[in-house]
Every structure is written in structure tokens, then in C-alpha cells.
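Working notes, structure below.
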Amino acid sequence: MTIYLLTGNTSEGRKITMSVEAINESHALSQAYSQYGKLRQYQIMKIDVLQEPYDLEQAPKHFFPKLQYSDEEILQMIERINMNQGSFEEYKAVKEHFDPIIKGAVNSPTLDLSIDEREEIVDHILIDILKEFSYSFSPDRGRLLSYIKMKVRDRVKVYQERLKYVNASNRKSRRLRSIVLKEHFDELSRPEINLDDDLERAKVISTIQVIPEDAFRKVPRKFKEDLFERIAELGIHNELLRSERQKAIFNLAYGPKRLKQIEIAANLKITQGTVSVNMKRAKENILKKIKK
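Numbering of the sequence shown is given in our numbering, commencing with residue 1 and proceeding in unit increments.
What follows is the structure, encoded as C-alpha cells:
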């Protein structure tokens with residue numbers, strides 16, 4: 001095993017310097033990746049242990065950030081934050097304290113997740129630390145960071161399962177989300193038959209509810225447009241939207257007239273920019289309320 005010295009910047013711009021014991025440069029970089037995520041502008045240097053041009057510490061057994069705060073100080077800051085009495089500086093300090101652990105777990109190359117999914121999990125994990133993990137910790141469990149690292153690792157696996165499966169908590173009945181989505185797409189693509197309006201409404205709503213927000217952005221444009229047209233035909237938007245302008249714009253776009261934005265603007269005597277903004281908000285509000 002050889003000792004390597006690594007320097008570089010994290011994705012948040014934080015400068016790091018670390019020494020690791022590794023088989024080769026790739027192994028050393030993988031250890032840095034597991035702790036800090038992908039490094040930018042990094043440099044790596046093999047250190048000859050017989051020569052000591054650098055004052056190196058022994059390679060750490062655990063990849064934790066340099067501790068600036070004690071466990072008690074961090075827990076006190078978290079308590080103030082949860083009571084809406086903490087400052088922005090305290091929130092930033094808490095976030096930076098746990099950031100290497102969160103990023104190390106979420107950015108693990110063993111996880112089959114997209115960039116958007118990883119970013120979404122990072123936000124959820126920080127909330128879990130603030131609202132849940134910090135309160136279940138006690139000094140007899142050891143170091144706070146060791147305990148949080150264990151909890152974060154386990155929770156990331158749970159979030160990955162939820163993204164991958166529908167009904168993820170039940171191993172007997174859970175199904176791959178990709179298969180469920182394909183079934184819904186296929187169902188909506190079939191030639192229409194004369195369904196009762198209530199059944200058709202239930203079908204459209206269940207289709208939207210089963211698609212995660214991050215996955216909906218990846219759905220083919222034609223499928224989304226067909227879905228919004230069905231929402232307009234069934235009048236679902238009239239029940240969900242409070243803004244009369246949003247209702248009118250959505251109906252002109254996806255109702256019987258199927259007008260383009262420039263035509264809607266002329267029809268309502270407003271700018272095309274106003275049409276675009278209200279159209280986007282109408283779609284967001286419809287999806288948000290159906291998913292509740």
C-alpha cells in the first residue's frame with residue numbers, strides 16, 4: 001500500500017487536502033470520491049514514506065471532516081434551528097458539518113441514480129438529520145458523526161428503493177416503477193373506448209399520482225400533452241385551479257380550440273410572456289394538487 005496526497009475542490013467549492021493509503025491512484029481517488037463526491041481541479045501525489053517532505057498524518061480510518069464543533073455544540077445548533085431560533089450561519093455550519101457524509105453516501109458509484117435523483121435525496125437526508133437522526137442520538141452511541149453516517153447510509157438505501165419501486169416497503173407486492181409507468185403509458189395509448197367519466201377521471205389521476213415529480217420531467221412530451229388534453233376534456237382543471245386566468249389559458253390551449261400561445265395572447269389581449277408564465281403555473285398547480 002502507498003500513501004497518496006490529494007488536494008482539490010468539492011462541488012460546493014470547498015478546498016480539501018487529505019492523505020490516504022491506497023493500492024494505486026484510482027483507489028485513492030475512489031476513497032476521496034466516497035467522502036467528498038467528485039473533486040474539481042484535483043492533484044494527486046504519491047508520497048515516499050522514507051522521505052518526509054510533508055508533515056503527513058496517518059491515513060484516517062474514518063472519512064470525517066475536520067471537527068470545528070463538538071457534538072454538543074452541533075446538537076444545540078440543530079435544536080435552535082428546529083425551533084426557528086437558529087441563525088443562517090448556524091444552519092450553514094450544520095450543513096457543512098454533515099455535508100461530506102451526505103455527499104459520500106449519495107454519490108456512491110454503487111447507487112443506480114440519476115443526478116437529479118441524487119440531488120433530491122441530498123435535500124431529504126439533511127432534513128432527516130435535523131428532524132429525526134439528531135433526536136435519536138445519545139452520547140452512549142459513540143461519536144455523533146459515526147452515528148449519523150450509519151443512519152444516512154441506511155436511509156439512502158431506503159430512498160433508492162422508493163425511487164426504483166412502487167410500494168417499495170412491501171417486498172412481496174412491490175413492482176419496478178419503470179414497469180408500472182410503461183403499463184400506464186400503454187394503457188393511455190390504447191384506442192379510446194366509451195368509458196364512464198368517473199372511470200376516466202380516476203384513470204388520469206392514478207396515472208399522474210404514480211409518476212414521481214422528477215420522473216415526470218422525463219416523460220415524452222406527446223404523452224404529457226395528451227394527458228393535459230384529457231384533463232381539459234374532463235374539466236378537472238376547473239376544479240383544481242383557483243386563478244380564472246390560468247383556467248382560461250389552460251382551456252384555450254388544451255380544450256376544443258387547441259390554440260397556440262400567440263393565439264391565446266391575441267384572444268385574451270395579453271402578452272405571450274404572460275400566457276407562458278400562467279400556462280406553466282397552471283400545469284404545476286394541477287399536478288401538485290392531484291399528487292396530494
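Even for Gly, the Cβ is constructed at its ideal location relative to N, Cα and C. Just so we're clear, the structure is a prediction, and the values are computed from it rather than from any experiment.
| Check | Outcome |
| --- | --- |
| Selected residue, minimal CA-CA separation from I286, among Q209, I264, M83 | Q209 |
| 6 Å Cβ shell around F228 - same chain, five flanking residues per side excluded | Y254 |
| Under 8 Å between C-beta atoms of I44 and A28 | yes |
| Simplified DSSP assignment, three categories, for Y147 | helix |
| Alpha-carbon to alpha-carbon, S108 and A39 | Note that residue 39 corresponds to Leu in the displayed sequence, not to Ala. Computed Cα separation, rounded: 13 Å. |
| G8 classed as buried or exposed, judged by whether at least 16 other C-beta atoms fall within 10 angstroms | buried |
| Continuous alpha helix (DSSP H) stretch holding Y254: start and end | 244-254 |
| Given 8 Å, three or more beta-carbon pairs between the region 168-177 and the region 101-119 | no |
| Where K292 sits in the DSSP three-state scheme | coil |
| Cβ-based burial, F88 [other Cβ within 10 Å; buried from 16] | exposed |
| Simplified DSSP state of V166, which is helix, strand or coil | strand |
| Among L240, A266, A93, G37, the one whose alpha carbon lies nearest that of I102 | G37 |
| Buried/exposed call for A266, threshold 16 Cβ in 10 Å | exposed |
| CA nearest to the CA of E25, picked from Q85, R143, L5 | L5 |
| Beta carbon of D128 nearer than 8 Å to that of R155 | yes |
| Length of the line joining the Cα atoms of A168 and E263 | 45 Å |
| Own chain partners of I236 with C-beta closer than 6 Å, once the 5 adjacent residues on each side are dropped | none |
| Nearest candidate by alpha-carbon position, reference I249, set S11, V277, F223, R14 | V277 |
| Top-ranked residue by Cα proximity to K92, from S243, E233, I78, L252 | I78 |
| Cut-off 6 Å between Cβ atoms - residues of its own chain near L268, not counting five sequence neighbours on either side | none |
| Which of helix, strand or coil DSSP assigns to V219 | coil |
| Beta-carbon gap between I74 and L130 smaller than 8 Å | no |
| Beta bridge counterpart(s) of A22 as assigned by DSSP | T2 |
| Residue range of the unbroken alpha helix (DSSP H) whose run includes T207 | 197-210 |
| Beta-carbon spacing of A252, A282 below 8 Å | Per the sequence shown, residue 252 should be read as Leu rather than Ala. Not a contact, by the Cβ cut-off of 8 Å. |
| Buried versus exposed, by CB contacts within 10 Å (16 or more), Y333 | Outside the shown range of the chain, which is 1 to 292, sits residue 333, and nothing can be said about it. |
| Helix, strand or coil at R80 according to DSSP, with G and I counted as helix | helix |
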